[in-house]
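Have a look at the structure below before the remarks.
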Amino acid sequence: MSEKMIISRDAVVEVVHRVAGQKEGSLVSTLLPIIYLNWEKKRVEYYLNAHPQCQLEDYVFLVAGYYEQFFPKIYQLQIQRSHESWLETFSWLQSMAFNLLRKQGLQPTAETQMLAQECAIDASLVILRKSFPYDIVFQAWAMVILKNHCRNVLRKNFNQIKKETQYTMPLDENVAEAANSSKYLSLLEDRFANQELWDYFLTFLSEEEKELLRLYYEEKKRISEIATQWGCSISKVYKLHQWIIKKLQNLMAYDNRNK
Amino acid sequence: MNRFLQSFFSFLNPQQPLIQVDEGEEFEMLSFLLSETLNGVDIIQEHPDFYQHLLADESLHDLFIECLEVLEAEKENSLLPLPFPPSEDLRFLSQMPMPPSVEQLSPQNWRFEWRQTVAQLHNLFGLDAVVAVTRDASVFFEGNWHSVIRSNAYFMDKSYAVLLEMSPDTEVEGDVQFCVLIANITPEGGGLPACQATLHWGSYRQTVNIPPNGRICFPPVALQMVMNPTKDDFVDDLQFILEI
């Protein structure tokens, strides 16, 4: 990461006043506490370090925008505790939890639905009292809370979480064999320095994996563009990318062990 | 070699140290990455350091992917349906603290008092969790901050959001810190009136003046002031008073 940006408390106050003045003066008293809290939780730094082209002012505008978008919902959930809003949110959480539990291998039974309800209640209690940071979308925020509680509920009920087998990465025999080849070893002496290594890596990958690397690293398409081109989800493309990285890391680890 | 290939090779064999992310901060990072992805941001390109952190922590990566998969399935209307209609039992909402008691001290002065009974505090955190937060903040995946009171105060046609949060003290291990945040949420806006907040819990009692920005922390609380000698229960209710 490039040089980390350090934001002072005074800078936050100054910029919030400036941005609120451009939008609506009364926003100062609303935005300032939110941004203070985010600043203390290092979210402001996260954002600015991840977006080097952005200034603190851009972050404040982002929070102001999300505040306008999500405050009514947060207000209904946390302050008014509106029955109608909670019914909708609770139903959404149960549905999401059920799908998350299914991904852990649980069957689509009434028992799983009961567990999903338990996850949704735990997550609701956190949503009820946790400060929404207004620098992300509500769904992402709620989803991570929910997923965490699903994990806890599974631990409580099953002692361990079932791992999806597709995430484990055994070293495949062909890769192991290839890793012993003198060509590979000589290439690693000049690790990462030439196109030849890239081409060599491709020889260990399936057609789909090669195609992803070609589209992403050679044609410089974005993950979302590749997903659209393939007619699949973005998550699938991210998964495949991680899979390739793990596969090649395993190859390198094998090589290091056998040197 | 172009920069895209360089970034690929850097994922394979990171030359620079990964960003330092405390376990307690991972929640912040993960929800942030998920939000960015939902907004169409390519996190491999735009957040290579965070992405590298995800690659290094397989369980975190899985968590990210599973959340993303379910949110994408929702967008595409391909979620698996619940076998039965969802529960509409919202009784859990009543587990949260009640609104404050309000007392008018003079025509211009009001006193709001929130009380968390020992039973409510157990319910809010789980007693084990409160002890644990002082020992190992990383057990809280959502981060190190816990809302103890989240409420509204209505005063002279104005509405104020009041938040009291607890976190481990950063300087003294075993102590906890409470911070208060007050914001004017009246639609027409406006600043904060002069006000002071008092936190009373066990033998701890401190009063602070609320600054114009609405945010201030109380001096740290030592656990022995609020827990019994064996540290297995609280000694008293928690009382938070706001005087305007």
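Those protein sequences? They're chains A and B, same order as listed.
Sequential numbering of the first sequence, starting at 918, is according to our numbering.
Sequential numbering of the second sequence, starting at 3, is according to our numbering.
By construction, the Cβ of each residue, glycine as well, lies at the ideal position given by its N, Cα and C atoms.
Exposed unless 16 or more other CB atoms sit within 10 angstroms - verdict on residue i
| i | result |
| --- | --- |
| Asp1107 (chain A) | Here Asp1107 (chain A) scores only 48 on pLDDT, less than 50, and its place in the model is too uncertain to base an answer on. |
| Val961 (chain A) | buried |
| Phe221 (chain B) | A small correction: the amino acid at residue 221 (chain B) is Pro; Phe does not occupy that position in the sequence shown. Exposed, since its Cβ has fewer than 16 Cβ neighbours within 10 Å. |
| Pro950 (chain A) | buried |
| Met1031 (chain A) | exposed |
| Lys1020 (chain A) | buried |
| Ile923 (chain A) | exposed |
| Phe1075 (chain A) | exposed |
| Asn79 (chain B) | exposed |
| Arg217 (chain B) | buried |
| Glu1028 (chain A) | exposed |
| Thr947 (chain A) | buried |
| Gln249 (chain B) | With chain B running from 3 to 246 in the structure shown, residue 249 (chain B) is simply not present. |
| His1000 (chain A) | exposed |
| Val132 (chain B) | Legend: pLDDT at Val132 (chain B) = 47, less than 50; position of this residue unreliable, no value from coordinates given. |
| Val228 (chain B) | buried |
| Pro1087 (chain A) | Confidence is the limiting factor: at Pro1087 (chain A) the pLDDT is only 41, short of 50, which leaves the residue's position unreliable, though a coordinate-based value still follows. Classification of Pro1087 (chain A): exposed, given that the 10 Å Cβ count is below 16. |
| Cys1067 (chain A) | buried |
| Asp64 (chain B) | buried |
Assigned secondary structure, residue i (DSSP; H/G/I helix, E/B strand, else coil)
| i | result |
| --- | --- |
| Cys181 (chain B) | strand |
| Ala196 (chain B) | coil |
| Asn966 (chain A) | helix |
| His1000 (chain A) | helix |
| Ser89 (chain B) | coil |
| Ser925 (chain A) | coil |
| Val223 (chain B) | strand |
| Asn1016 (chain A) | helix |
| Phe1075 (chain A) | helix |
| Glu167 (chain B) | strand |
| Lys1064 (chain A) | helix |
| Gln118 (chain B) | strand |
| Val174 (chain B) | coil |
| Leu1023 (chain A) | coil |
| Phe94 (chain B) | helix |
| Thr2 (chain B) | Within the shown structure, residues of chain B are numbered from 3 to 246, placing residue 2 (chain B) beyond reach of any answer. |
| Ser80 (chain B) | coil |
| Tyr953 (chain A) | helix |
| Val1052 (chain A) | According to the sequence displayed, residue 1052 (chain A) carries Asp and not Val. If DSSP states are grouped into helix, strand and coil, Asp1052 (chain A) belongs with coil. |
| Gln972 (chain A) | coil |
| Asp51 (chain B) | helix |
| Ser205 (chain B) | coil |
| Asp1039 (chain A) | helix |
| Asn1069 (chain A) | helix |
Residue from the options whose Cα sits closest to the Cα of residue i
| i | options | result |
| --- | --- | --- |
| Pro83 (chain B) | A:Ile1143, A:Ser999, A:His1000, A:Leu1010 | A:Leu1010 |
| Ser153 (chain B) | B:Leu165, B:Trp147, B:Lys160 | B:Leu165 |
| Phe157 (chain B) | B:Val178, B:Gly192, B:Val228, B:Val150 | B:Gly192 |
| Leu1018 (chain A) | A:Asn1069, A:Lys958, A:Phe988 | A:Asn1069 |
| Ser61 (chain B) | B:His148, B:Leu32, B:Leu123, B:Leu201 | B:Leu32 |
| Val977 (chain A) | A:Leu1023, A:Ile1053, A:Glu1028, A:Lys1047 | A:Ile1053 |
| Glu68 (chain B) | A:Leu1129, A:Ile1062, A:Leu1132, A:Tyr1134 | A:Ile1062 |
| Asp235 (chain B) | B:Ala121, B:Glu76, B:Glu28, B:Gln106 | B:Ala121 |
| Ala1040 (chain A) | A:Leu994, A:Leu1130, A:Lys1138, A:Lys1137 | A:Leu994 |
| Ile246 (chain B) | B:Glu175, B:Leu70, B:Trp112 | B:Trp112 |
| Ala1037 (chain A) | B:Ser108, B:Ser149, B:Arg117, B:Leu92 | B:Leu92 |
| Glu1142 (chain A) | A:Leu1157, A:Ile1151, A:Leu1165 | A:Ile1151 |
| Tyr963 (chain A) | B:Glu173, B:Phe66, B:Phe29 | B:Phe29 |
| Trp1147 (chain A) | A:Leu1132, A:Trp1160, A:Val945 | A:Leu1132 |
Sequence-distant residues of the same chain with beta carbon closer than 7 Å to residue i, five excluded per side
| i | result |
| --- | --- |
| Thr119 (chain B) | Asp239 |
| Tyr953 (chain A) | Val929 |
| Pro214 (chain B) | Gly193, Leu194 |
| Ile45 (chain B) | Leu35, Glu38, Thr39, Phe52, Tyr53 |
| Ile1044 (chain A) | Leu994, Ala1059, Ile1062 |
| Pro1025 (chain A) | Arg1019 |
Identity of the residues DSSP links to residue i by a beta bridge
| i | result |
| --- | --- |
| Arg113 (chain B) | B:Glu105, B:Glu245 |
| Val210 (chain B) | B:Ala199 |
| Ala155 (chain B) | B:Tyr162 |
| Ser149 (chain B) | B:Glu167 |
| Arg217 (chain B) | B:Leu183 |
| Phe236 (chain B) | B:Met229 |
Beta-carbon proximity list for residue i, same chain, < 6 Å, skipping 5 on both sides
| i | result |
| --- | --- |
| Ser103 (chain B) | Glu115 |
| Gly938 (chain A) | none |
| Val135 (chain B) | Confidence at Val135 (chain B) is low in this model, with a pLDDT of 44, below 50, so its placement is unreliable and the value that follows should be read with caution. Once the five neighbours on either side are set aside, the close Cβ partners of Val135 (chain B) are Pro170. |
| Gln208 (chain B) | Leu201, Phe220, Pro221 |
Neighbourhood of residue i by C-beta distance below 8 Å, restricted to the same chain and skipping five residues each side
| i | result |
| --- | --- |
| Leu95 (chain B) | none |
| Phe1055 (chain A) | Phe987, Lys990, Ile991, Phe1049 |
| Lys1137 (chain A) | none |
heavy atom of the ligand NAP below 6 Å from residue i C-beta
| i | result |
| --- | --- |
| Trp112 (chain B) | In the structure shown, the ligand NAP is absent, as is every other ligand, since no ligand is present at all. |
Under 8 Å, CB to CB, which of the residues in the segment 967–986 of chain A have a partner in chain D?
The chain inventory of the structure shown lacks chain D, comprising the protein chains A and B.
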